[in-house]
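Novice:
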Amino acid sequence: MGIGQFFEAYAISAELGCRKPDPRMYHHASTALNLAPAQCLFVDDDPSLVAAAIRLGYAGRAVCRGSATSDVPSIASLTELLDLF
Numbered sequence: 306m307g308i309g310q311f312f313e314a315y316a317i318s319a320e321l322g323c324r325k326p327d328p329r330m331y332h333h334a335s336t337a338l339n340l341a342p343a344q345c346l347f348v349d350d351d352p353s354l355v356a357a358a359i360r361l362g363y364a365g366r367a368v369c370r371g372s373a374t375s376d377v378p379s380i381a382s383l384t385e386l387l388d389l390f
């Protein structure tokens, strides 16, 4: 797809042998970037996976294009992430 140049690290479940919400999925990328969880933002369209990341110390946002969830911080569009930086 030609987007690899935009990423310094990634977590692929087939390579790691686990899937979210296994903590290894969350920690793999932050460790590869040499960042603490609190220095990272986890974004997903599944609010339960965002909640799992938040419990592990990550900042998180759920992409909720329909209705927002009250359980975790949410955004309607990825462009809203720009306001966080």
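If you read the sequence shown in my numbering, its first letter stands for residue 306, the second for the next number, and so on.
Idealized CB from N, CA, C, for every residue including glycine.
Is L386 near R366, with beta carbons less than 8 angstroms apart?
Specialist: yes
Novice: Please give the ranges of any alpha helix (DSSP H) in the segment 348-374, keeping only runs that are unbroken, at least 4 residues long and fully inside the region.
Specialist: 352-360
Novice: Could you tell me which residues DSSP pairs with S379 in its beta bridges?
Specialist: A367
Novice: If you pair each beta-carbon of the segment 327-346 with each one of the segment 377-384, do three or more pairs fall below 8 angstroms?
Specialist: no
Novice: So, at 6 angstroms on beta carbons, what are the nonlocal neighbours of D349 in its own chain, with the 5 sequence-adjacent residues on each side left out?
Specialist: The residues are V355.
Novice: Helix, strand or coil for L321 per DSSP?
Specialist: helix
Novice: According to the Cβ coordinates, are A316 and M330 closer than 8 angstroms?
Specialist: yes
Novice: Let me make sure I understand the geometry here. Which of C345, F311, F312 and A358 has the alpha-carbon closest to that of P328?
Specialist: A358
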